[in-house]
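According to my numbering, the stretch in the sequence shown is residues -7 to 383, in order.
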Amino acid sequence: MTDAAPSGPTGDVTDRATTGFLHRYGEQPAGRWAAPGRVNLIGEHTDYNDGFVLPFVLPLRTVVAAAPQDGPRWTVWSELADSPVEFGVDEVAGPGRVTGWGAYVAGVIWALRDAGHDVPGARLAIASDVPIGSGLSSSAALEAAVLAALVDLGGLDLPAERRPRLAQRAENAYVGSPTGIMDQSAVIRCRPGQALFLDCRTEAVEHIPFDLAAAGLAVLVIDSRATHRHSDGEYAARRASCEQAAELLGVPALRDVPVAGLDEALGRLDQALGRPDDETRRRVRHVVTENQRVLDTVELLRAGRIRDIGPLLTASHASMRDDFEITVPEIDIAVEAALAAGAYGARMTGGGFGGCVLALIDADRADAVAAAVTAAYPKHTYPPPNFHQTT
Ligand code: ADP
Ligand code: MG
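And the structure:
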């Protein structure tokens, strides 16, 4: 059991960024800036339905060591890449001019400049413990750490509450990846020991007590290592279903259908379509009930009843598996095995078709639950899962 990524570079991540900077540029950095990975406790595919999400941050971080350099030029080194990326004002004049991983950094600089900030030239060295592409938001961690470094080095006026939008713009418009506001909000605004209750319609945030350690609990994050099969097309299809249903129901978004009005809404949907459409009904049911599960989870956490959220997590998983149909066998196996090994609740987290499962467990059960999940994975069929524990 480890708190850090089990594969990839080892050693303290801040030290790695610092020594990386020193080796690469032959001087000490002016400072180090960090942002964590995140996981969504509950509220899946609710973001683009104007609904609710509840992410919290992990003890896995991306660290940027940085120092100013003359002129509007940027040099970026990452321990994960063979060669550094270098660019000047031409490359950050518009989206698409830097591609690959450097686009996340160039995108932040572009978004800052586009918002009228005078971004200082800089040398950057990046190290990270956040696994890449596992759904723990290494992309937002990278954007947030780079953003913090540039804001401080340049003395820019950009308070924390305005940073998520800017980082999201870098990822949406420059990198070209259509993510919601959750990832950037979580990694920039979450506090340790609390989850971030985010209303995706108003972008209002509230910090909700989530002190696992004090309750003797832990969240085991199980990286299924299932690749995101067909996830782009499936995501677009789910989103289109939800938007079409909202339109047929005459509401701005499915957020506006309360759980008490679900049956009535499904009846109206059948009428509007001229026949019962089982698939659309199930898509709507997932979103409407998932929003309610987020609200119920928040209520329990406010009352200090962390253990009691377990059944809501497990119900969320069943809804994603049966109604929204976004899970894959590796993920379902991990959830079942964690529950059988005594987890209070378990669910897939993230957009689906791969990624991670989270399980709420007693802190001293992490090794046992991890062993049970590994044993349940059919050998030779799937690569074994990775684990991260957080208290
Ligand atoms: P996730 O955010 O779930 O980890 P994404 O596909 O959104 O997955 O983002 C992963 C991408 O972000 C990587 O392919 C890479 O381009 C970039 N990235 C994230 N962290 C780093 C890093 N430490 N060094 C270089 N690139 C990184
Ligand atoms: Mg990402």
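Where a beta carbon is used, it is the ideal one built from N, C-alpha and C, also for glycine. This structure is a prediction, so every number in the text was calculated from the model and none was measured.
- A check of alpha carbon separations from Val68 across Ala117, Ile173, Ile298 and Ala367 identifies Ala117 as the nearest.
- Here DSSP, grouped into helix, strand and coil, assigns Ala210 to strand.
- Within the stretch 215 to 296, the complete alpha helix (DSSP H) runs of at least 4 residues fall at 223 to 241, 254 to 265 and 270 to 294.
- Using a C-beta cut-off of 8 Å, the stretch 127 to 146 makes contact with the stretch 27 to 47, since at least three inter-stretch Cβ pairs fall below that distance.
- In the three-state scheme derived from DSSP, where H, G and I count as helix and E and B as strand, Thr38 is classed as coil.
- Residue side-chain check: Gly3 keeps its Cβ at 6 Å or more from all non-hydrogen atoms of the ligand ADP.
- Taking a cut-off of 8 Å on C-beta distances, the stretch 227 to 245 does not touch the stretch 367 to 380, as fewer than three cross pairs fall below it.
- When DSSP states are grouped into helix, strand and coil, Arg115 belongs to the strand group.
- As for any beta strand (DSSP E) of minimum length 3 sitting wholly inside the stretch 0 to 79, the runs are 23 to 32, 47 to 60 and 65 to 70, ordered along the chain.
- Secondary structure of Leu150 (DSSP, three-state): coil.
- Distance from the CA of Gly342 to the CA of Asp175, rounded to the nearest whole angstrom, comes to 10 Å.
- Contact check for Gly146 against Ala355 fails: the beta carbons are separated by 7 Å or more.
- By the neighbour-count criterion, in which 16 or more other beta carbons inside 10 Å mark a residue as buried, Leu72 falls on the exposed side.
- As the crow flies, the alpha-carbon of Ile180 is around 22 Å from that of Gly347.
- Contact between Gly43 and Val279 holds, since their C-beta atoms are separated by about 7 Å, short of 8 Å.
- Tyr336 has its CB no nearer than 6 Å to any heavy atom of the ligand ADP.
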